[in-house]
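Residues in the sequence shown are numbered consecutively from 453, following the working numbering.
A virtual CB, placed ideally from N, CA and C, is assigned to each residue, including glycine.
Predicted, not measured: the structure shown is a model, and the values here were computed from it.
Contents: one structure, followed by commentary.
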Amino acid sequence: MSDVEFIGPPPQQKNTKHARIAAQLRAHPQVWAVVRRPASISRAASAAQAIKTGSLAAYEPAGSFEAVARTVIEGGRTEYRVYARYVGTAR
Numbered sequence: 453m454s455d456v457e458f459i460g461p462p463p464q465q466k467n468t469k470h471a472r473i474a475a476q477l478r479a480h481p482q483v484w485a486v487v488r489r490p491a492s493i494s495r496a497a498s499a500a501q502a503i504k505t506g507s508l509a510a511y512e513p514a515g516s517f518e519a520v521a522r523t524v525i526e527g528g529r530t531e532y533r534v535y536a537r538y539v540g541t542a543r
């Protein structure tokens with residue numbers, strides 16, 4: 453048995469977590485969604501910045517998604533969230 457499997461070229465679109473999130477946001481334009489719940493506000497802010505600037509290929513072109521990081525306190529529990537929405541092509 454061979455250790456190599458020849459099955460053709462890789463798919464053009466990577467099926468990453470971010471590609472799936474971006475596709476869901478595109479399917480519901482202008483609607484805000486919670487897309488991440490990281491462990492800190494700094495990680496939430498970093499993720500929101502990456503979405504807004506399109507630094508991850510799934511969210512290109514830059515400006516086609518809006519994103520914000522928020523600290524939410526519910527029932528005495530603190531949670532950090534990244535909210536995002538698809539707004540269309542860059543303005």
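Identified DSSP bridge partners for residue i
i    : result
F561 : Beyond the ends of the chain as shown, which are 453 and 543, falls residue 561; an answer cannot be given.
A485 : A536
CB-CB length for residue i against residue j, believed under 8 angstroms
i    : j    : result
P490 : V534 : 7 angstroms
R402 : E518 : The structure shown does not extend to residue 402, since the chain is modelled only from 453 through 543, so no value can be given for it.
7 angstroms Cβ shell around residue i - same chain, five flanking residues per side excluded
i    : result
T505 : A514
Beta-carbon proximity list for residue i, same chain, < 8 angstroms, skipping 5 on both sides
i    : result
R478 : Y538
Y532 : R489, P490, A491, S492, I493, R495, A496, A521, R522, T523 and V524
CA nearest to the CA of residue i, picked from the options
i    : options             : result
S507 : P463, A474 and S454 : A474
Y511 : T541, G528 and G527 : T541
Other residues of its chain near residue i: CB distance less than 6 angstroms, five sequence neighbours each side excluded
i    : result
A502 : L508
>> For the region 477-485 against the region 457-464, do three or more pairs of beta-carbon atoms, one drawn from each stretch, fall closer than 8 angstroms, so that the two count as touching?
In response: no
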